[in-house]
Amino acid sequence: MEKYLHSPLEQLLLALYERHYSFVTVTPATHHLVNQRSGNAWAESIQDIFGWNRPFKQETLDAALFARMKEANILRPVAQGWQSQVRVSSIQDKLFLHSGFPTDAADAVFFGPDTYRFINAMYGALPTLQGKVRRCVDIGTGAGVGAILLAEALPYAESIGVDINAKALAFAAINAKANRISNVAFHHSDLLHDLPGEFDLIVSNPPYLIDPSARAYRHGHGPLGAQLSLDIVEAALTRLAPGGILMLYTGVAIIHGHDPFIEAVKHRTKMAGCTYQYTEIDPDIFGEELATTAYAQADRIAAVWLLINKPTIESDALLQLISAAANT
(Lines of atoms letter the chains of each structure in order from A; the text may use other names.)
(Lines give C-alpha, C1' and ligand atoms only; values in the text may rest on other atoms or scores of the structure.)
Protein backbone atom coordinates (compact mmCIF):
# COMPACT_ATOMS: atom_id res chain seq x y z
CA MET A 11 0.00 0.00 0.00
CA GLU A 12 2.95 2.34 0.61
CA LYS A 13 3.74 2.21 -3.10
CA TYR A 14 0.17 3.10 -3.99
CA LEU A 15 0.19 6.28 -1.91
CA HIS A 16 2.26 9.27 -2.92
CA SER A 17 1.28 12.61 -1.41
CA PRO A 18 2.07 13.46 2.22
CA LEU A 19 -1.63 13.80 3.05
CA GLU A 20 -2.31 10.33 1.62
CA GLN A 21 0.56 9.02 3.73
CA LEU A 22 -0.99 10.70 6.76
CA LEU A 23 -4.29 8.89 6.20
CA LEU A 24 -2.40 5.60 5.88
CA ALA A 25 -0.66 6.27 9.19
CA LEU A 26 -4.05 6.86 10.84
CA TYR A 27 -5.40 3.63 9.36
CA GLU A 28 -2.41 1.79 10.83
CA ARG A 29 -3.26 3.25 14.23
CA HIS A 30 -6.94 2.14 13.96
CA TYR A 31 -8.14 5.73 14.07
CA SER A 32 -11.87 6.49 13.92
CA PHE A 33 -13.94 9.54 14.76
CA VAL A 34 -17.58 10.52 14.33
CA THR A 35 -17.81 14.24 13.62
CA VAL A 36 -20.52 16.25 15.37
CA THR A 37 -22.18 19.61 14.73
CA PRO A 38 -20.10 22.78 15.20
CA ALA A 39 -22.21 23.69 18.25
CA THR A 40 -21.56 20.32 19.93
CA HIS A 41 -17.89 20.45 18.92
CA HIS A 42 -17.46 23.85 20.57
CA LEU A 43 -19.34 22.79 23.71
CA VAL A 44 -17.31 19.59 24.21
CA ASN A 45 -13.99 21.36 23.64
CA GLN A 46 -14.91 23.97 26.26
CA ARG A 47 -15.29 21.37 29.00
CA SER A 48 -12.75 21.25 31.79
CA GLY A 49 -9.79 19.06 30.87
CA ASN A 50 -10.30 19.34 27.12
CA ALA A 51 -8.00 22.29 26.46
CA TRP A 52 -5.18 20.04 25.20
CA ALA A 53 -5.27 16.86 23.15
CA GLU A 54 -4.39 13.57 24.78
CA SER A 55 -5.03 11.20 21.83
CA ILE A 56 -5.03 11.13 18.04
CA GLN A 57 -8.83 11.43 18.17
CA ASP A 58 -8.38 14.68 20.10
CA ILE A 59 -5.87 15.93 17.51
CA PHE A 60 -7.56 14.96 14.23
CA GLY A 61 -11.19 14.72 15.38
CA TRP A 62 -11.73 17.32 18.10
CA ASN A 63 -8.92 19.38 16.53
CA ARG A 64 -7.47 20.38 19.90
CA PRO A 65 -3.98 21.85 20.26
CA PHE A 66 -1.37 19.31 21.29
CA LYS A 67 2.15 19.06 22.60
CA GLN A 68 4.64 17.23 20.41
CA GLU A 69 5.19 14.47 22.95
CA THR A 70 1.51 13.52 22.70
CA LEU A 71 2.22 11.98 19.28
CA ASP A 72 4.67 9.31 18.27
CA ALA A 73 7.58 10.67 16.26
CA ALA A 74 6.53 8.96 12.99
CA LEU A 75 3.04 10.48 12.97
CA PHE A 76 4.38 13.92 13.87
CA ALA A 77 6.80 13.61 10.95
CA ARG A 78 3.88 12.76 8.65
CA MET A 79 2.08 15.92 9.76
CA LYS A 80 5.19 18.00 9.19
CA GLU A 81 5.68 16.54 5.70
CA ALA A 82 2.03 17.28 4.87
CA ASN A 83 2.50 20.90 6.00
CA ILE A 84 -0.62 20.83 8.21
CA LEU A 85 1.00 21.89 11.50
CA ARG A 86 -0.11 25.24 12.88
CA PRO A 87 2.09 26.55 15.71
CA VAL A 88 0.22 27.66 18.85
CA ALA A 89 1.51 28.78 22.23
CA GLN A 90 3.45 25.87 23.75
CA GLY A 91 2.37 23.43 21.06
CA TRP A 92 0.77 22.65 17.72
CA GLN A 93 -2.61 22.23 16.06
CA SER A 94 -3.66 20.31 12.96
CA GLN A 95 -5.05 22.36 10.07
CA VAL A 96 -7.17 19.41 8.89
CA ARG A 97 -9.57 16.99 10.52
CA VAL A 98 -10.22 13.34 9.71
CA SER A 99 -13.62 11.65 10.05
CA SER A 100 -14.66 8.04 9.64
CA ILE A 101 -17.72 6.70 7.88
CA GLN A 102 -18.37 3.07 6.99
CA ASP A 103 -14.81 1.66 7.06
CA LYS A 104 -13.14 4.70 5.51
CA LEU A 105 -11.35 7.86 6.60
CA PHE A 106 -11.88 11.29 5.02
CA LEU A 107 -9.85 14.47 5.26
CA HIS A 108 -11.71 17.76 5.61
CA SER A 109 -11.20 21.26 6.99
CA GLY A 110 -10.10 22.06 10.51
CA PHE A 111 -12.37 23.54 13.17
CA PRO A 112 -13.91 26.09 13.14
CA THR A 113 -15.02 26.04 9.50
CA ASP A 114 -15.05 29.82 9.10
CA ALA A 115 -13.23 30.14 5.77
CA ALA A 116 -15.26 30.77 2.63
CA ASP A 117 -13.78 27.64 1.02
CA ALA A 118 -14.03 25.38 4.10
CA VAL A 119 -14.76 21.72 3.34
CA PHE A 120 -17.37 20.46 5.77
CA PHE A 121 -18.13 17.00 7.14
CA GLY A 122 -20.72 16.44 9.86
CA PRO A 123 -24.01 14.81 10.90
CA ASP A 124 -25.63 15.67 7.55
CA THR A 125 -22.93 13.59 5.85
CA TYR A 126 -23.90 10.52 7.89
CA ARG A 127 -27.63 11.02 7.25
CA PHE A 128 -26.99 11.49 3.53
CA ILE A 129 -24.85 8.36 3.20
CA ASN A 130 -27.21 6.22 5.28
CA ALA A 131 -30.16 7.28 3.12
CA MET A 132 -28.16 6.71 -0.07
CA TYR A 133 -27.07 3.23 1.01
CA GLY A 134 -30.67 2.36 1.84
CA ALA A 135 -31.74 3.19 -1.73
CA LEU A 136 -28.81 1.63 -3.63
CA PRO A 137 -29.88 -2.05 -3.57
CA THR A 138 -32.69 -1.31 -6.04
CA LEU A 139 -30.15 0.13 -8.51
CA GLN A 140 -27.68 -2.76 -8.76
CA GLY A 141 -26.80 -3.34 -12.41
CA LYS A 142 -28.87 -0.36 -13.60
CA VAL A 143 -26.35 2.46 -13.26
CA ARG A 144 -23.73 3.12 -15.91
CA ARG A 145 -22.98 6.76 -15.06
CA CYS A 146 -23.48 8.61 -11.77
CA VAL A 147 -22.54 12.00 -10.34
CA ASP A 148 -22.37 13.58 -6.89
CA ILE A 149 -23.20 17.30 -7.11
CA GLY A 150 -21.41 19.42 -4.49
CA THR A 151 -19.18 16.51 -3.57
CA GLY A 152 -17.21 18.34 -0.85
CA ALA A 153 -14.73 15.87 0.64
CA GLY A 154 -15.84 13.34 -1.98
CA VAL A 155 -17.74 11.06 0.39
CA GLY A 156 -20.79 10.45 -1.81
CA ALA A 157 -18.83 9.98 -5.04
CA ILE A 158 -16.26 7.69 -3.42
CA LEU A 159 -18.80 5.45 -1.69
CA LEU A 160 -20.90 5.32 -4.88
CA ALA A 161 -17.82 4.23 -6.82
CA GLU A 162 -17.19 1.46 -4.31
CA ALA A 163 -20.83 0.30 -4.28
CA LEU A 164 -21.17 0.49 -8.10
CA PRO A 165 -17.72 -0.58 -9.38
CA TYR A 166 -19.00 -1.14 -12.93
CA ALA A 167 -20.27 2.46 -13.23
CA GLU A 168 -18.54 5.71 -14.11
CA SER A 169 -18.60 7.82 -10.94
CA ILE A 170 -17.96 11.56 -10.92
CA GLY A 171 -17.87 14.16 -8.14
CA VAL A 172 -18.29 17.85 -8.97
CA ASP A 173 -17.87 21.00 -6.91
CA ILE A 174 -17.13 24.71 -7.33
CA ASN A 175 -14.65 24.64 -4.43
CA ALA A 176 -11.06 23.90 -5.50
CA LYS A 177 -10.05 22.94 -1.96
CA ALA A 178 -12.92 20.44 -1.79
CA LEU A 179 -11.85 18.84 -5.07
CA ALA A 180 -8.26 18.55 -3.81
CA PHE A 181 -9.41 16.85 -0.58
CA ALA A 182 -11.76 14.57 -2.53
CA ALA A 183 -8.98 13.38 -4.84
CA ILE A 184 -6.71 12.64 -1.88
CA ASN A 185 -9.49 10.80 -0.08
CA ALA A 186 -10.19 8.64 -3.13
CA LYS A 187 -6.54 7.67 -3.57
CA ALA A 188 -6.01 6.97 0.13
CA ASN A 189 -9.10 4.74 0.18
CA ARG A 190 -7.96 2.90 -2.98
CA ILE A 191 -10.98 3.95 -5.01
CA SER A 192 -9.77 4.36 -8.59
CA ASN A 193 -13.05 4.38 -10.56
CA VAL A 194 -13.99 7.93 -9.57
CA ALA A 195 -13.07 11.30 -11.06
CA PHE A 196 -13.49 14.82 -9.70
CA HIS A 197 -14.19 17.93 -11.78
CA HIS A 198 -14.90 21.60 -11.24
CA SER A 199 -18.48 22.26 -12.28
CA ASP A 200 -21.31 24.55 -11.25
CA LEU A 201 -24.08 21.95 -10.95
CA LEU A 202 -23.76 19.97 -14.21
CA HIS A 203 -22.98 22.90 -16.52
CA ASP A 204 -19.41 21.73 -17.23
CA LEU A 205 -20.21 18.03 -17.75
CA PRO A 206 -21.65 16.50 -20.92
CA GLY A 207 -24.26 13.79 -21.29
CA GLU A 208 -26.92 12.15 -19.17
CA PHE A 209 -26.73 10.30 -15.87
CA ASP A 210 -28.47 7.20 -14.56
CA LEU A 211 -27.99 8.39 -10.99
CA ILE A 212 -27.53 11.87 -9.53
CA VAL A 213 -26.93 12.30 -5.80
CA SER A 214 -26.42 15.44 -3.75
CA ASN A 215 -26.12 16.72 -0.20
CA PRO A 216 -26.07 20.48 -0.89
CA PRO A 217 -25.87 23.45 1.48
CA TYR A 218 -29.36 24.58 2.48
CA LEU A 219 -29.05 27.27 5.14
CA ILE A 220 -28.97 31.05 4.90
CA ASP A 221 -25.38 31.95 5.78
CA PRO A 222 -24.56 35.67 6.13
CA SER A 223 -20.93 34.86 5.27
CA ALA A 224 -22.02 32.94 2.13
CA ARG A 225 -19.64 30.06 2.86
CA ALA A 226 -19.80 27.59 -0.03
CA TYR A 227 -20.50 24.53 2.13
CA ARG A 228 -23.35 26.18 4.06
CA HIS A 229 -25.14 28.84 1.98
CA GLY A 230 -28.12 27.49 0.01
CA HIS A 231 -29.23 30.83 -1.52
CA GLY A 232 -32.79 32.06 -1.88
CA PRO A 233 -35.02 33.42 0.90
CA LEU A 234 -35.06 30.14 2.89
CA GLY A 235 -31.83 28.54 1.68
CA ALA A 236 -33.68 26.20 -0.70
CA GLN A 237 -32.64 27.69 -4.04
CA LEU A 238 -29.60 25.48 -4.62
CA SER A 239 -31.61 22.34 -3.84
CA LEU A 240 -34.26 23.44 -6.35
CA ASP A 241 -31.54 24.19 -8.91
CA ILE A 242 -30.28 20.62 -8.47
CA VAL A 243 -33.80 19.30 -9.02
CA GLU A 244 -34.03 21.36 -12.22
CA ALA A 245 -30.66 20.06 -13.41
CA ALA A 246 -31.67 16.47 -12.70
CA LEU A 247 -34.97 16.77 -14.55
CA THR A 248 -33.10 17.75 -17.72
CA ARG A 249 -30.00 15.54 -17.35
CA LEU A 250 -31.31 12.23 -16.01
CA ALA A 251 -31.28 9.41 -18.54
CA PRO A 252 -34.58 7.55 -19.08
CA GLY A 253 -35.15 5.46 -15.96
CA GLY A 254 -32.67 7.62 -14.03
CA ILE A 255 -32.96 8.67 -10.38
CA LEU A 256 -32.09 11.75 -8.34
CA MET A 257 -31.28 11.15 -4.66
CA LEU A 258 -31.25 14.46 -2.78
CA TYR A 259 -30.64 14.95 0.93
CA THR A 260 -31.38 18.52 2.05
CA GLY A 261 -32.89 20.68 4.75
CA VAL A 262 -36.12 22.66 4.41
CA ALA A 263 -37.66 25.43 6.47
CA ILE A 264 -41.24 24.66 7.52
CA ILE A 265 -43.30 27.88 7.60
CA HIS A 266 -46.47 27.79 9.72
CA GLY A 267 -46.80 24.06 9.06
CA HIS A 268 -46.24 24.47 5.31
CA ASP A 269 -43.36 22.97 3.31
CA PRO A 270 -42.70 25.33 0.36
CA PHE A 271 -39.86 23.14 -0.94
CA ILE A 272 -41.98 20.08 -1.70
CA GLU A 273 -44.66 22.25 -3.27
CA ALA A 274 -42.07 23.58 -5.70
CA VAL A 275 -40.80 20.04 -6.35
CA LYS A 276 -44.33 18.78 -7.06
CA HIS A 277 -44.81 21.45 -9.72
CA ARG A 278 -41.46 20.80 -11.39
CA THR A 279 -41.76 17.01 -11.46
CA LYS A 280 -45.29 17.16 -12.83
CA MET A 281 -44.21 19.48 -15.64
CA ALA A 282 -41.31 17.12 -16.47
CA GLY A 283 -43.44 13.97 -16.37
CA CYS A 284 -41.43 12.50 -13.50
CA THR A 285 -42.47 10.92 -10.20
CA TYR A 286 -41.09 11.53 -6.72
CA GLN A 287 -40.90 10.09 -3.21
CA TYR A 288 -40.37 12.39 -0.22
CA THR A 289 -39.44 11.48 3.34
CA GLU A 290 -38.79 13.62 6.40
CA ILE A 291 -35.70 12.06 8.00
CA ASP A 292 -35.43 14.37 10.99
CA PRO A 293 -38.12 16.93 11.90
CA ASP A 294 -35.89 19.37 13.77
CA ILE A 295 -32.26 20.21 12.92
CA PHE A 296 -30.20 23.41 13.35
CA GLY A 297 -32.77 24.79 15.77
CA GLU A 298 -30.39 27.61 16.69
CA GLU A 299 -30.97 29.11 13.22
CA LEU A 300 -34.57 29.97 14.19
CA ALA A 301 -33.20 32.81 16.30
CA THR A 302 -31.90 34.56 13.17
CA THR A 303 -33.80 37.07 11.04
CA ALA A 304 -33.79 34.80 7.98
CA TYR A 305 -35.87 32.19 9.82
CA ALA A 306 -38.09 34.52 11.82
CA GLN A 307 -41.25 32.93 10.36
CA ALA A 308 -40.06 29.30 10.43
CA ASP A 309 -41.46 26.66 12.79
CA ARG A 310 -38.51 24.36 12.28
CA ILE A 311 -35.88 23.14 9.81
CA ALA A 312 -36.34 19.52 8.73
CA ALA A 313 -33.90 17.09 7.10
CA VAL A 314 -35.58 15.50 4.08
CA TRP A 315 -34.83 12.80 1.50
CA LEU A 316 -36.11 13.26 -2.04
CA LEU A 317 -36.12 10.63 -4.78
CA ILE A 318 -37.11 11.69 -8.30
CA ASN A 319 -37.63 9.02 -10.98
CA LYS A 320 -37.51 9.80 -14.67
CA PRO A 321 -39.67 7.33 -16.61
CA THR A 322 -38.13 4.96 -19.12
CA ILE A 323 -38.90 5.55 -22.78
CA GLU A 324 -41.26 2.56 -22.71
CA SER A 325 -43.19 3.69 -19.64
CA ASP A 326 -43.39 7.24 -20.95
CA ALA A 327 -44.84 6.02 -24.23
CA LEU A 328 -47.35 3.87 -22.34
CA LEU A 329 -48.46 6.85 -20.22
CA GLN A 330 -48.97 8.90 -23.38
CA LEU A 331 -51.12 6.14 -24.91
CA ILE A 332 -53.22 5.91 -21.74
CA SER A 333 -53.63 9.70 -21.66
CA ALA A 334 -54.60 9.78 -25.32
CA ALA A 335 -57.14 6.97 -24.80
CA ALA A 336 -58.64 8.79 -21.82
CA ASN A 337 -59.13 11.91 -23.90
CA THR A 338 -60.95 10.16 -26.77
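Position in the sequence shown counted from 1, then plus 10, gives you the numbering used here.
Beta carbons are placed, not taken as given, at the ideal position from N, Cα and C, and that holds for glycine.
GLU273 counts as exposed, since fewer than 16 other C-beta atoms from the protein chains shown sit within 10 angstroms of its C-beta. In the three-state reduction of the DSSP assignment, LYS67 falls in the coil class.
The region 283–296 makes no contact with the region 154–164, as fewer than three CB pairs between them are under 8 Å. Counted as a single uninterrupted DSSP element, the beta strand (DSSP E) harbouring TYR259 occupies residues 250–265. Taking a 10 Å sphere around the C-beta of MET281, we find fewer than 16 other C-beta atoms and assign the residue as exposed.
Distance from the CA atom of PRO216 to the CA atom of ARG190, rounded to whole angstroms, is 25 Å. By the Cβ rule, the region 14–34 counts as touching the region 71–85, because three or more pairs are nearer than 8 Å.
Approximately 15 Å separates the beta-carbon atoms of VAL243 and LEU234; this is outside 8 Å, ruling out the contact. Take SER32, set aside five residues on each side of it, and the residues of its chain with a beta-carbon closer than 6 Å to its own are SER100, in chain order. In this chain, LYS142 is not harboured by any beta strand (DSSP E), its DSSP state being neither H nor E. Beta bridge pairing from DSSP links LYS104 with ILE101. Between ALA226 and ALA116, the C-beta gap is smaller than 9 Å, which places the two residues in contact. Here LEU23 is not bridged, per DSSP, to any residue. Annotation for PRO252: LYS320, PRO321, THR322, ILE323, ASP326 place their beta carbon closer than 8 Å to its own, counting only its chain and skipping 5 residues before and after.
With 16 or more neighbouring CB atoms inside 10 Å of its own CB, TYR259 falls in the buried class. In terms of Cα proximity to ALA186, the closest of ALA153, HIS203, GLU168 is ALA153. Assignment of ASN319 by DSSP, reduced to helix, strand and coil, places it in the strand class. DSSP lists VAL172 as the bridge partner or partners of HIS197.
In this structure HIS30 is exposed. Its beta-carbon is surrounded by fewer than 16 other beta-carbon atoms within 10 angstroms.
Contact annotation: PHE196 and ALA183 have beta-carbon atoms nearer than 9 Å. Contact between PHE60 and VAL98 holds: their C-beta atoms lie close to 4 Å from each other, under 8 Å.
Closest in C-alpha terms to PHE106, from the list ALA53, TYR27, SER169, comes TYR27. DSSP, reduced to helix, strand and coil, places ARG86 within a strand of the structure shown.
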